[in-house]
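If you read the sequence shown in full-length UniProt numbering, its first letter stands for residue 1, the second for the next number, and so on.
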Amino acid sequence: MALQTLGPARKNSLTNLQIRLPIVVIGGGLTSIDAATESLAYYPIMIEKFLVQFEKLGDIFFNKLSNEEIEIAKEYIAHAKQLRENPNNKLRLLKEWGGVKIIYRKQFEESPAYKLNHEEVEKALEEGIEFVENTNPIRINVDQYNHCKEIVCNNKTLKAKTVIIATGTNPNTTLTKEDNEHFKLNGKYFSLIKSEENVEFFTKISEDFSVSVLGDSHPKYSGSVVKAMASAKHSYPLITNYILNHNIKNNIPYNVFFNKLNDQLTSSVIKVNRLTKNVVEILVKSPIAV
């Protein structure tokens, strides 16, 4: 998710998203496929950006790093230089460095990813992702820096400097804990109210406010991005109809509303103070984050 929302793969991005090979992804759904393919594609970009910055700074870059950071930096630099020298052998090099593996507790033909979209699984194989079947993770062993070095499974031990967990998720029903008077559960999902159109999208309807439930929070639309998109399409007429038939109490002009959102949601640097030669204070205005 961070790859999509924060854009660390962009050349002008300062987002710090660090991964190391080998990578092990735990799961069998389409999310595990996405996590595996995107991390494998991101690693060469990340280390190339790292090498570019190192070349600008030179060996002085190492002066303020810990032993662990120096070890990781040298690993990135060595890998990036090899990729520069052998651009046509990128996949071979990535596999030599450990590559990306997806481990699943059953045969992969039984996985949700294969059942929902076997073509995406085939493409992942073409891109160099390895699938390890009938494998359950038991524990993670760490190195001298207390970071992951391998994952112990029921039938083997796999080297892993990055572990991504992409297992099943539960719907976010925090509202039932914060406001149990207005929000009830039906099983693990919100209790829904059937509308006149015999469609259930609202979990709360009143003159004061109404709350709709879409995507993974809806029992019929959970599990995939396509279903989430469908829930938005199918609920749109109902939500629009509700808005048109109710008096909006806070009927403020849209430009005022969006200006308020921009003020609350946008983080901006207010002031930069150099306190000492090595310490810089940055004052950031970010109301919602606070």
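Positions of the beta carbon are idealized from the N, C-alpha and C atoms, including for glycine.
Just so it is clear, the structure is predicted and the values come from calculations on it, not from any experiment.
{"query": "Residues near Thr37 in its chain [Cβ-Cβ closer than 7 angstroms; skip 5 each side]", "result": "Ala124, Glu127, Ile129"}
{"query": "Below-7 angstroms beta-carbon distance, Ser32 vs any chain D residue", "result": "Chain labels in this structure do not include chain D; a single protein chain is all it has."}
{"query": "Best match in Leu40, Phe257, Ser268, Met229 for proximity to Gly98 [C-alpha to C-alpha]", "result": "Leu40"}
{"query": "Own chain residues within Cβ distance below 6 angstroms of Phe61, not counting five before or after", "result": "Phe54"}
{"query": "Near the ligand GTP: His246 beta-carbon under 6 angstroms from a heavy atom", "result": "Of ligands this structure carries none, so the ligand GTP is not represented either."}
{"query": "Lys159 versus Thr15 - alpha carbon distance", "result": "27 angstroms"}
{"query": "Those residues which DSSP pairs with Thr37 across a bridge", "result": "Thr37 is not bridged to any residue."}
{"query": "Start-to-end residues for the alpha helix (DSSP H) that takes in Ser231", "result": "225 to 244"}
{"query": "Euclidean distance between Cα positions of Tyr145 and Ile77", "result": "20 angstroms"}
{"query": "Test item: CB-CB of Thr162 and Ile72 under 7 angstroms", "result": "no"}
{"query": "Glu150, enclosing beta strand (DSSP E) - first and last residue", "result": "148 to 153"}
{"query": "Ser111 in three-state terms, based on DSSP", "result": "coil"}
{"query": "Cβ neighbour criterion (16 or more within 10 Å) applied to Val280", "result": "exposed"}
{"query": "Residues bridged to Pro137 [DSSP beta-bridge criterion]", "result": "Cys153"}
{"query": "Distance CB(residue 326)-CB(Ala35) smaller than 7 angstroms", "result": "Residue 326 falls outside the range modelled here, since the chain spans only 1 to 290, and no answer is possible."}
{"query": "Three-way DSSP call (helix, strand, coil) for Glu130 in this model", "result": "strand"}
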